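If you read the sequences in order, they're chains F and X. So that you can map any letter, position 602 of the first sequence is 602 in the UniProt record's numbering, and since no number is skipped, the others follow by simple counting. So that you can map any letter, position 133 of the second sequence is 133 in the UniProt record's numbering, and since no number is skipped, the others follow by simple counting. Where a beta carbon is used, it is the ideal one built from N, C-alpha and C, also for glycine. Quick caveat: nothing in here was measured; it's all calculated off a predicted structure. Structure first, then comments.
Number of protein chains: 2
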Amino acid sequence: MVGGNSNRVDVTNHDVDHVKVSIPPLSNHLQSIEIHKVCLPPNKTTFQTLKHRLSEIFFPDDPLHKFKNQTFYKKLVLGLEYFFPIFLWAPHYSFKLFRSDVISGLTIASLAIPQGISYAKLANLPPIIGLYSSFVPPLLYALLGSSRHLAVGPVSIASLVMGSMLEESISPTENPEIYLSLAFTATFFAGVFQASLGLLRLGFIIDFLSKATLIGFTAGAAIIVSLQQLKGLLGIVHFTTKMQFVPVISSVFHEKNEWSWHTIVMGLSFLVFLLTARQISMRKPKLFWISAAAPLTCVLISTLIIFIFKAQIKGISTIGHLPRGVNPPSANMLYFHAPYLGLALKTGIITGILSLTEGIAVGRTFASLKNYQVDGNKEMVSIGVMNMAGSCTSCYVTTGSFSRSAVNNSAGAQSAVSNIVLAATVLVTLLFLMPLFYYTPNVILGAIIITAVIGLIDYQAAVKLWRVDKLDFIACLCAFFGVLFISVQIGLAIAVGVSVFKILLNVTRPNTVILGNIPGTHIYQNLRRYGEASRIPFFLILGIESPIYFANSTYLQERLLRWVREEEEWIQTNKGSPLKCVILDLTSVSAIDTSGLETIVELRRTLEKRSLQLVLVNPVGGVMEKLCRSKVLESFGTSGLYLTVGEAIADLSATYKAQLYLP
Amino acid sequence: MVGGNSNRVDVTNHDVDHVKVSIPPLSNHLQSIEIHKVCLPPNKTTFQTLKHRLSEIFFPDDPLHKFKNQTFYKKLVLGLEYFFPIFLWAPHYSFKLFRSDVISGLTIASLAIPQGISYAKLANLPPIIGLYSSFVPPLLYALLGSSRHLAVGPVSIASLVMGSMLEESISPTENPEIYLSLAFTATFFAGVFQASLGLLRLGFIIDFLSKATLIGFTAGAAIIVSLQQLKGLLGIVHFTTKMQFVPVISSVFHEKNEWSWHTIVMGLSFLVFLLTARQISMRKPKLFWISAAAPLTCVLISTLIIFIFKAQIKGISTIGHLPRGVNPPSANMLYFHAPYLGLALKTGIITGILSLTEGIAVGRTFASLKNYQVDGNKEMVSIGVMNMAGSCTSCYVTTGSFSRSAVNNSAGAQSAVSNIVLAATVLVTLLFLMPLFYYTPNVILGAIIITAVIGLIDYQAAVKLWRVDKLDFIACLCAFFGVLFISVQIGLAIAVGVSVFKILLNVTRPNTVILGNIPGTHIYQNLRRYGEASRIPFFLILGIESPIYFANSTYLQERLLRWVREEEEWIQTNKGSPLKCVILDLTSVSAIDTSGLETIVELRRTLEKRSLQLVLVNPVGGVMEKLCRSKVLESFGTSGLYLTVGEAIADLSATYKAQLYLP
């Protein structure tokens, strides 16, 4: 810890009331400056550096800090609490909390059952798999997970991606058994991938899906998903198997003769009902239960309508027979051999990372709302284990769902018990209520999906991106159009690519500024930004606002020389004092590599040939270390490195003045 | 220009002699601080920002600055000089310069002729192509190029890469005609690629091949090339067509029965001779001509030996008949259709980028030695045009060669005329001296290649990398082993990947430090680095040394909260003054994106819940702009943003003190 080497200055006893006092003129300031040495960071061996770096990469949150200085028994309890957070809250659990959890659990169950059936269809899986996936995973999560508000189950994006990726290679209608095996295998790999990310503490990988790209990706996926529902909503039988915008739209209008008006009227009425319910809940958050209960209501009403008018209404397809009973084991269906192993692995990794992103983001959002912490890496292990176990009990990829978690939170969930209530409700459904779904029309599932995903299109966030950061907006657009017109995977790849490119672009073309002194202070700031800042004769003070890397070293060298050239031209035109010294303020240079070091050497040499001195100011620890180790500093001599710009100017301007007035 | 808005403070008239004067105690310092407003950068429209960014990306060196405020005639002359630098130096050319150029031209010709033949064999091309490639391109470069010391011709790395890439798909012995066509086509594409990089001002792309990776890549390629020469040196006939380390070595020892002792003795003797000559020239730079003349000497002596003893010595393969005459046109051989178009394109781009990297690097090195500037983007156009024209006149990829340029420089080259002399000498050779090469043994070419490439293995640079920057060293190693054991392209891809990964790693896990005050000054520095720096009660001052991006926003949030937690634990143990405020010094935060902005908001909210104030200090222009535009600053209120840490502390500590002593 840092506490050790600090000796606090006690300013509390001084009088700090009169803050705005007049300041002495600049000359006095320069006089009163003492020259400080630029220190190297404490010496470290290669091993220590490596250890420090690795611990920063893998254990930035110091996850074991609670275990320090504890007795063995206490450590055991803490360990148990760490791996099974249920032990953390179970002792303090009360009937009052339980009542809240039962209400919220029943509420999300009414949403989860129709959504489960719908999302399974989105992944081209039998509807019953969606119900199975809403039973086992919530139970496991209640035991392992550290979020109190996450409602676990199948989610739209992961379902869509799994469906579209598997469908590309194998038809769910022609080879339903292999397709199902592959879905379970992909789920297994997703779980393994998620758990290993957590165990290897590589959770930061999901950070590379930046918020901006996720906004675009989600919106694109939502449109793709909604378009897919046109099949059910219009009652089309021969629908394209492609997912992209263009083929789907053309398929819709090519198959006009298949449009079924019964289906369309029913679908649209329920869609309008669901959207209205959603709108009401959005306007008045207290009425959240209206949109939460709407899907189940729709299912019940539509089933009833079909049941009553089944003789009159033809051509509306229904879910049909669903087997009664709890999840059958499916470990024997996992598929670990050619030719589809690669496909399952790829699908698993992509759905795994997508569902992880959603789950972690949702968990963090609600944790921050309710002021508790969620450990990202630990959550990944929980979600991973949940999916691995799920793949052996007829479940496909599950994670924390955004829409259901929001309902869970609004309904007053207090702990993971709401997930247990959800699982219990699904269990009752599985055991006794399956025949009820026989007459449920498929069109209603389409309406439910559209309502769910349309809320994911966050155009306001996109507008904000445009206002704040154009490049983020472009990343968002790329992801959106990539998903819409090319494919989900390519869209995702483009989005990550654009995000990384953005970092590289910023590194490749960093900002360089001319600094000037704010009169009467020690402050040196950007001349263009601070109107009162002024130049110092003899000196050109340049600030670099980026690390100096191979990717920008050539640029920086050219750019800095251009500043010098422009400054000299300005001096010539305005007959100013001759330029003597270029000060490079390295405060904002957060890192340097070997190419960067060569640039500094090169720059010093070039400036020297023009009789200009190069002075470095305030390199950060890492940069200072490298400047020393590469022996670059040696060529700078004694007056080439200062702690502040002010000290450099104070120390050097006397010399220059003397030179100027020499006989 | 910046000159406009500056009013220079004249410190020259003040007395700045007594620099080290005692400083007033801290309290006085705090009193005398005036609070400055943090300014926004000058307001710009989206279009202006875009224009500024694009001009920084594409025209950082302001290439047209010479043309400003000039008459039309002057502009015309400048334009001519810009496109044909020959007009720049030709008017001042003198006989004295010409004498130097003739000497250096003849010297590099004696090196270029044997090397040209050798490198053509490296690319699996007929030896005569190597001579053709040493005739037309130097002439063109003399007209277009801006470097005065670059010796142009075929180079080892590009030859090797072209040979290995084309050989993978088509055999140079079975389909020599198609192979040759593809080589010319690849050269054409290389030229187009190089010229377009220059024209589109995308020259910075070659910067992504960092120095560190190039060291590893070159060393690996040098070993691969040397191993390939074992075929000639040992006289093996049935040699593997693979390039990797393992198959080549196993092939060498599998074909032991083919080893020809005549060849081995001859090859080794000349290899020892060449290496000794090289060593002498390295020790005494004045004797550069020894290593420069050695290859031609070897060729002459070995040819003479074979010619004289041709009856006695059997089994030493010789170059054989070479057609006499200048470059035949080859535009009709360019190959723009299936099935090999993709291969030619790929080979062209990779050899193009590699030869460009070498050419530009060599040009820059000598320009900096002799204190003149080389415009990277313009050079790219010159090299590109040279290769495009070359592909139509039976030349393959050429660029500035490192070894020959070094010899050129040592021999006293003064201008591009040395390239013209080189071309003239090659012309004489092509017209009259071709029969001389009939008896030149192939083994001597192998010895010449090994001597040339062995100098490219820069192990001292690798050692320096290890000492200065471990990650650069790893990038170097990856490139080295990638080339050696996998393939040239994969090695290159790995090297670029590692370099980019290094940037991302640095962004993903940035450095955060606790700052303290250096007593008696306004300076706040890293507590661990500056022993004299001390903490300020009530305050925790954190510095972030990196941009805040999506890739590190989660990490930073966790890391900063950990600092706060550790600080509070320290205070509890040591009974210090309670923590009241966390100051975030943003000086080194060079950029922020929308995820980063959310992190700040999130952090402020989390700290507020713990009754801690968050204060931002000195954001750079771009960050300040985004903080404002996203309305993040509004939530900070009036005392949430300061220009310096000192001002923030002065302004806030009074309030905290008052709170503490409240009844």
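Under the 8 Å criterion on CB atoms, F/Phe47 is classed as non-interfacial with respect to chain X. Comparing C-alpha distances from F/Gly376 to each of F/Ser110, F/Asn618, F/Ser147 shows the shortest one belongs to F/Ser147. Here DSSP, grouped into helix, strand and coil, assigns X/Glu545 to strand.
Nearest Cα to F/His522 within the set F/Thr638, F/Gly646, F/Tyr530: F/Gly646.
Of the residues assessed, X/Gln373 falls on the exposed side of the cut-off, its CB having fewer than 16 other CB atoms within 10 angstroms. When the five nearest sequence neighbours on each side are left out, the beta carbons in the same chain lying within less than 6 Å of the beta carbon of F/Gly640 are those of Val615, in order along the chain. Its chain contains Leu465, Asp472, Ala475, Cys476 as the residues whose beta carbon lies nearer than 6 Å to that of F/Ala212, once the 5 sequence neighbours on both sides are disregarded; these appear in chain order.
For the 8 Å CB-CB criterion, F/Gly198 and F/Val38 do not form a contact.
Listed along chain F, the residues sitting closer than 8 Å to X/His522 by beta-carbon distance are His522.
The beta-carbon separation of F/Pro329 and F/Thr393, rounded to 6 Å, stays under the 8 Å limit for a contact.
Taking C-alpha positions only, X/Lys231 is separated from X/Ser118 by approximately 13 Å.
Here F/Pro172 is buried, its C-beta having at least 16 other C-beta atoms within 10 Å. Distance from the CA of X/Lys74 to the CA of X/Tyr82, rounded to the nearest whole angstrom, comes to 12 Å.
Here F/Ser590 really is in contact with F/Pro547; their C-beta atoms are around 5 Å apart, less than 8 Å. Classified as buried, F/Thr554 has 16 or more neighbouring CB atoms from the shown chains inside 10 Å of its CB. Those residues of the segment 478 to 507 of chain F placed with their C-beta closer than 9 Å to a C-beta in chain X are Ser499, Val500, Lys502, Ile503, Leu504, Leu505, Asn506, Val507, ordered along the chain. For F/Leu465, the chain X residues whose Cβ falls inside 8 Å of its Cβ are Thr594, in order along the chain. Interface residue (Cβ-Cβ distance to chain X less than 8 Å): F/Tyr372 is not classified as such.
Distance check between X/Arg509 and each of X/Val488, X/Phe538, X/Asn552 places X/Asn552 closest, using alpha-carbon atoms only. When the beta-carbon positions are compared, X/Val468 and F/Leu597 come within less than 8 Å of each other. DSSP places F/Leu627 within a helical segment (H, G or I) once states are collapsed to three. At least 8 Å separates the beta-carbon of F/Tyr141 from that of F/Asn408. The CB of X/Leu643 comes closer than 7 Å to the CB of Ile523 in chain F, given here in chain order. Interface annotation, X/Thr347: not in contact with chain F, CB-CB separation never under 8 Å. Residues of chain F whose Cβ lies closer than 9 Å to the Cβ of X/Ile518 are, in chain order, His36, Leu643.
In the same chain as X/Ile383, and ignoring 5 residues on each side of it, the C-beta atoms closer than 7 Å to its own belong to Gln194, Leu356, Gly359, Thr399, in chain order.
For the C-beta of F/Cys39, the chain X residues within less than 7 Å are, from N- to C-terminus, Arg529, Tyr530.
Contact between X/Val513 and X/Glu545 is confirmed by a C-beta separation of about 7 Å, below the 8 Å threshold. In the three-state scheme derived from DSSP, where H, G and I count as helix and E and B as strand, X/Gly497 is classed as helix. For X/Tyr141, the enclosing alpha helix (DSSP H) has its first and last residue at 136 to 144. Using a 10 angstroms sphere on the CB of X/Arg278, the tally of other CB atoms reaches 16 or more, which defines it as buried. X/Cys478 sits in a helix when the DSSP states are folded into three classes. Here the segment 144 to 163 of chain F lies against the segment 345 to 356 of chain F, with 3 or more beta-carbon pairs under 8 Å apart. Unbroken alpha helix (DSSP H) runs of no fewer than 4 residues, entirely contained in the segment 280 to 337 of chain X, are found at 288 to 309, following chain order.
Against chain F, the beta carbon of X/Ala212 has neighbours under 8 Å at Phe550, Asp593, Thr594, Ser595, listed in chain order. In the three-state reduction of the DSSP assignment, X/Thr644 falls in the coil class.
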